DNA sequence: GTATTTGCAAAAGCTTTGCTGCAAC
DNA sequence: GTTGCAGCAAAGCTTTTGCAAATAC
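Residue numbers (my numbering), protein chains in the order written: chain A, 1 to 158; chain B, 1001 to 1158.
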């Protein structure tokens, strides 16, 4: 387990473009990091992000990775995920999408499924209204068994 | 910030009783830990749990805390929360309730609000059905501003 | 020349583990 | 006499930080 699979991500904005549109000047390293997040085909943790960004721009340091992530979080342009701590205490990052979506993590095979539905949006509204709470970030994660692994398990139990 | 406030928890089952009902024999230390979780008036992290349990049964060790938490998690009797990393990377623990509920964390004052609604239950069903996913654990957390802090902020901006 | 950004290494924080000795049945 | 639990200290991981050197404008 714990090897996160390749999976399709939701369509993402032009992250790099948006950052620069705010008048923020970026170094080559930060640009490489942002492009890597933007074009990632999996959810990246800091270490994977570092490695992949280094292919574009060698010699990036861990500290720079974390400092860039901090910047993007402050700008509200990326979300931080735990993915149910499927693989330890790492954080994973993804470009924030227009519509919030949730993550399902299979405890068996490590697959991550993304899902969006109007019901989630409505729930958000209800939560905010009922508690007079101004939601800035919302995170819905579930852990369990994906269809394939649930089927396999039933087979074995027979 | 970061001082988690006292807050009412949802009604909890007889955790200790349930554990023993499974034929699991408990030491005095583990019993003290479980009772502490059961009767907590805030969300406890490992360190607070240790301190409070030591008032019942002195001399408990960190390792014992983590090993007991592990047991309860395996039994599916407690849930692990991040509370939006309001105060670092700690985990918080609470007795699992019949009805899933969500947590709202105020970034300003650190208040944690708990909330349950049928809409959340329905969303769970929809998620499971749409993705053929067998949900074992689900965690919905939001961060933002509670009513009081949002009001304060608006006042200051005027 | 001033303001940022980087690199490096060390520190920090929470959690886990190995191992020895102790206690329970 | 087995089996499991506790205690202790060390290690493990991810993330953060301080500071000096380098870079950009």
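Idealized CB from N, CA, C, for every residue including glycine. Bear in mind the structure is a predicted one, so any value in this text is a computation, not a measurement.
Per DSSP, cross-strand counterpart(s) of residue i
{"i": "residue 1102 (chain B)", "result": "B:1115"}
{"i": "residue 79 (chain A)", "result": "A:94"}
{"i": "residue 1134 (chain B)", "result": "A:145"}
Assigned secondary structure, residue i (DSSP; H/G/I helix, E/B strand, else coil)
{"i": "residue 108 (chain A)", "result": "coil"}
{"i": "residue 147 (chain A)", "result": "helix"}
{"i": "residue 1044 (chain B)", "result": "strand"}
{"i": "residue 978 (chain B)", "result": "Residue 978 (chain B) is absent from the structure shown; chain B starts at 1001 and stops at 1158."}
{"i": "residue 1002 (chain B)", "result": "Caution is warranted here: a pLDDT of 33 is assigned to residue 1002 (chain B), below 50, making its placement in the model unreliable, and no coordinate value can be reported."}
{"i": "residue 60 (chain A)", "result": "coil"}
{"i": "residue 25 (chain A)", "result": "coil"}
{"i": "residue 1012 (chain B)", "result": "coil"}
{"i": "residue 50 (chain A)", "result": "helix"}
{"i": "residue 89 (chain A)", "result": "coil"}
Opening and closing residue of the alpha helix (DSSP H) in which residue i lies
{"i": "residue 1037 (chain B)", "result": "1028-1039"}
{"i": "residue 1016 (chain B)", "result": "1015-1021"}
Cβ shell of residue i (< 8 angstroms), same chain only, five flanking positions each side left out
{"i": "residue 1052 (chain B)", "result": "1036, 1040, 1044"}
{"i": "residue 1014 (chain B)", "result": "1038"}
Whole-angstrom C-beta distance between residue j and residue i, which should lie under 8 angstroms
{"i": "residue 1050 (chain B)", "j": "residue 1060 (chain B)", "result": "6 angstroms"}
{"i": "residue 1113 (chain B)", "j": "residue 1146 (chain B)", "result": "7 angstroms"}
{"i": "residue 1134 (chain B)", "j": "residue 1128 (chain B)", "result": "7 angstroms"}
{"i": "residue 143 (chain A)", "j": "residue 1136 (chain B)", "result": "6 angstroms"}
{"i": "residue 1080 (chain B)", "j": "residue 89 (chain A)", "result": "11 angstroms between Cβ atoms; not a contact."}
Chain-order list of residues whose beta-carbon lies under 6 angstroms from that of residue i (same chain, five-residue window excluded)
{"i": "residue 140 (chain A)", "result": "102"}
{"i": "residue 1046 (chain B)", "result": "1065"}
{"i": "residue 1032 (chain B)", "result": "1053, 1056, 1057"}
Residues of its chain near residue i, where Cβ-Cβ distance is below 7 angstroms and the 5 sequence neighbours each way are ignored
{"i": "residue 115 (chain A)", "result": "101, 102, 104"}
{"i": "residue 12 (chain A)", "result": "38, 95, 97"}
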